[in-house]
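Trainee:
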Amino acid sequence: MAFITIKRKTIIAVLSVVLAVITAVTTAATVIASAKPSNGITIVIDAGHGGADGGVTGITTGTKESDVNLSIAKYLAKHLQNDGYNVVLTRSDSAAVCGGLKYSKREDMKARKNILASATPDLVVSVHCNSYPVSSVKGAQVFYAGAAGEPFARVVQNYFNDVLNDRPRQAAVGDYYILNCSEYPSILCECGFLSNAQEEGSLITASYQQKVAYTIYSAISSKFNENANS
Numbered sequence: 000m001a002f003i004t005i006k007r008k009t010i011i012a013v014l015s016v017v018l019a020v021i022t023a024v025t026t027a028a029t030v031i032a033s034a035k036p037s038n039g040i041t042i043v044i045d046a047g048h049g050g051a052d053g054g055v056t057g058i059t060t061g062t063k064e065s066d067v068n069l070s071i072a073k074y075l076a077k078h079l080q081n082d083g084y085n086v087v088l089t090r091s092d093s094a095a096v097c098g099g100l101k102y103s104k105r106e107d108m109k110a111r112k113n114i115l116a117s118a119t120p121d122l123v124v125s126v127h128c129n130s131y132p133v134s135s136v137k138g139a140q141v142f143y144a145g146a147a148g149e150p151f152a153r154v155v156q157n158y159f160n161d162v163l164n165d166r167p168r169q170a171a172v173g174d175y176y177i178l179n180c181s182e183y184p185s186i187l188c189e190c191g192f193l194s195n196a197q198e199e200g201s202l203i204t205a206s207y208q209q210k211v212a213y214t215i216y217s218a219i220s221s222k223f224n225e226n227a228n229s
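For what it's worth, numbering that gives the first Met the number 0 labels the leading residue of the sequence shown as 0, then goes sequentially.
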């Protein structure tokens, strides 16, 4: 009986050590995973529209632009965060940025401007979908307002042309509030036309939204890497 008692105590002791080791390893792994160093670059991702402002709607499904924008923005944020970027989203759900019981476009845009001012980003990326009276028009296009945003706009546009567009488009100057409301480098990505049935059919799918997000991420990352090495 004494032998059995000793054996039980030994087993319990061994199990305690094993559990302690497993706990230590798990904790260490968690610390390592959560302690991934930031690359020091902050990017604000602005999912266009939201709340009572749904933006344009899909020509066949009636899908709201605001929902597509948010999905792409979240996928983009995940890619950037995984690569060490500090990411700030102007909205992370379907609600308007300004909040409140009554929607105000002016207040909503002001709220976005305030987020930019607080974040002091190295780049602002506003995500949108386009619409046009002629349903055959399609393609992703990037807009910018100032000289600081132009290099990023051109790189993202090149990636759009290589990955998403049947016919190449050119990055262009755009008179949009989100591009003009701060001095930070800013671009606005029109990720496709919801007024084109074919492109709408792609934009409403998770797989294509992920593809768009990864394309934007790849372009942005390549540009920052180029800047770091120049």
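Even glycine gets a Cβ: it sits at the ideal position worked out from N, Cα and C.
Only a predicted model underlies this, so the values are computations on that prediction, with no experimental measurement involved.
Bridge partners of Leu-187, per DSSP?
Mentor: Leu-187 pairs with Ser-125 and Phe-142.
Trainee: With distances taken Cα to Cα, identify the nearest neighbour of Ile-203 among Thr-60, Asn-157 and Leu-163.
Mentor: Of the candidates Thr-60, Asn-157 and Leu-163, the one whose C-alpha sits nearest the C-alpha of Ile-203 is Thr-60.
Trainee: Strictly by DSSP, which residues pair up with Asp-52?
Mentor: The partner list for Asp-52 (beta bridge, DSSP) reads Gly-49.
Trainee: Taking Cβ to Cβ, would you say Leu-235 is nearer than 8 Å to Phe-142?
Mentor: Outside the shown range of the chain, which is 0 to 229, sits residue 235, and nothing can be said about it.
Trainee: When DSSP builds the beta bridges, which residues end up paired with Ile-219?
Mentor: Partner(s): none; Ile-219 has no beta bridge.
Trainee: Looking at the structure shown, is Ile-31 part of a helix, part of a strand, or coil, going by DSSP?
Mentor: Legend: pLDDT at Ile-31 = 29, less than 50; position of this residue unreliable, value from coordinates given subsequently. Reduced to three states, the DSSP call for Ile-31 is helix.
Trainee: Taking the alpha-carbon positions, what's the Ala-72 to Val-126 distance?
Mentor: Cα to Cα, the separation comes out at about 7 Å.
Trainee: Does the distance from the C-beta atom of Pro-167 to that of Leu-122 stay below 8 Å?
Mentor: Cβ atoms of Pro-167 and Leu-122: not closer than 8 Å.
Trainee: How far does the alpha helix (DSSP H) with Asn-113 in it reach, from first residue to last?
Mentor: 104–118 is the extent of the alpha helix (DSSP H) around Asn-113.
Trainee: Specify the secondary structure class of Val-154 as computed by DSSP and reduced to three states.
Mentor: If DSSP states are grouped into helix, strand and coil, Val-154 belongs with the helices.
Trainee: If I measure Cβ to Cβ from Tyr-207 and keep anything under 7 Å in the same chain, skipping five residues before and after, which residues do I get?
Mentor: If we look at Tyr-207 and ignore the five residues flanking it on each side, its Cβ neighbours are Ser-201.
Trainee: Find the nearest neighbour of Gly-53 within the set Val-67, Val-43 and Gly-148, judged by alpha-carbon distance.
Mentor: Residue Val-67 is the option with its Cα nearest to Gly-53.
Trainee: In terms of DSSP beta bridges, what is Ile-44 paired with?
Mentor: Paired residue(s): Leu-88 and Val-124.
Trainee: Exposed or buried, Glu-199, counting other C-beta atoms within 10 Å across all chains shown (16 or more means buried)?
Mentor: Answer is buried; the Cβ neighbour count reaches 16.
Trainee: Can you say whether Asp-107 is buried or exposed, counting buried as having 16 or more other CB atoms within 10 angstroms of its CB?
Mentor: Its Cβ being crowded by 16 or more others within 10 Å, Asp-107 is buried.
Trainee: According to DSSP, simplified to helix, strand and coil, what is Lys-63?
Mentor: DSSP places Lys-63 in strand when its eight states are reduced to three.
Trainee: With a threshold of 7 Å, establish whether the CB of Tyr-175 neighbours any heavy atom of the ligand NAD.
Mentor: This structure does not include the ligand NAD; it has no bound ligands of any sort.
Trainee: Buried or exposed: which applies to Ala-46, given that a residue is buried once 16 or more other Cβ atoms fall within 10 Å of its Cβ?
Mentor: Burial call: buried.
Trainee: From Asn-113 to Asp-161, what distance separates their C-alpha atoms?
Mentor: Using only the alpha carbons, I get a separation of about 35 Å.
Trainee: How would you label Tyr-84, buried or exposed, when you count the other beta carbons within 10 angstroms and need 16 or more for buried?
Mentor: Tyr-84 is buried by the Cβ-count criterion.
Trainee: Tell me which residues share the same chain as Val-87 and place their Cβ nearer than 6 Å to its Cβ, disregarding the 5 neighbours each side in the sequence.
Mentor: Here the set comprises Val-43 and Ala-118.
Trainee: Under the rule that 16 or more other beta-carbon atoms within 10 Å means buried, what is Ala-76, buried or exposed?
Mentor: Label assigned to Ala-76: buried.
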